[in-house]
Each structure stands twice: as structure tokens, then as C-alpha cells.
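Q:
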Amino acid sequence: MAVADMEYAAEKKAKKKAYKELKEIARIEGKRPPPNPYPSAIKEIQAEEKKYVRERFHNPKILEIVKKMKEDKELFFKDREASRAGQ
555 MAVADMEYAA EKKAKKKAYK ELKEIARIEG KRPPPNPYPS AIKEIQAEEK
605 KYVRERFHNP KILEIVKKMK EDKELFFKDR EASRAGQ
């Protein structure tokens, strides 16, 4: 496992170095640097999920579900308090 981790780290380091050199060449030539060919997997996943996260706050159906859940939670705690007070 440690060997695989070391290989992965070395590969990632080589990719970063290659991209750094590409950016340097672009700067020397006065061009815009190319987009990163090895973006973070986490950032890619977050970009895909971004639309769903936004939808959660603006979709009326989802907002209605959230409102209902809050009301149910409130009732649950009120019932709980009432049962404690009645003991």
C-alpha cells in the first residue's frame, strides 16, 4: 500500500511539474496559460453537484418539504416537552 501511495504521489508531482512548465512557456510566449489538464477530482464533483445545491434553496417543492419537516420537528419537541411536564 505504501508503495502505491508513493507511486501516486510521484505521478501527481510529475503532472504538477509538467503543468507548471506549460504555464511558464505560455508566459514567456505572452499567451494565456492553458487550463489545468489535471484538475482536482473533488472540484469536478463539486462543480457537478453545484446545480443541485442551488436548486435546494430555490425549488418550491423542496422548500415545501423542508417547511413540513420543520413543522413535524417542532411538533415532536412540543409533544416531548408536554410529556415531560406531565410526569
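First residue of the sequence shown: 555, per our numbering; consecutive thereafter. Just so you know, even glycine gets a beta-carbon here, dropped at the ideal spot from N, CA and C. In this text the structure is predicted, and so the values were computed from the model without any measurement.
1) For my contact list, residue 581 and residue 587 are in at a C-beta cut-off of 8 angstroms; report their separation, rounded to the angstrom.
2) What residue range is occupied by the uninterrupted alpha helix (DSSP H) comprising residue 585?
3) Taking just the CA atoms, how far does residue 572 sit from residue 592?
4) Between which two residues does the alpha helix (DSSP H) containing residue 594 stretch?
A: In brief:
1) Counting from 1 along the sequence shown, the entry for residue 581 is found at position 27. Counting from 1 along the sequence shown, the entry for residue 587 is found at position 33. Going by Cβ atoms, the distance from residue 581 to residue 587 rounds to 7 angstroms, so yes, they are a contact pair.
2) Here residue 585 refers to the residue found at position 31 of the sequence shown. Per DSSP, residue 585 belongs to no alpha helix (DSSP H) and is neither H nor E.
3) As a first step, residue 592 must be located in the sequence shown, where it is residue number 38. As a first step, residue 572 must be located in the sequence shown, where it is residue number 18. Cα-Cα distance, rounded: 10 angstroms.
4) Residue 594 sits at position 40 when you count from the first residue of the sequence shown. For residue 594, there is no enclosing alpha helix (DSSP H), as DSSP gives it neither H nor E.
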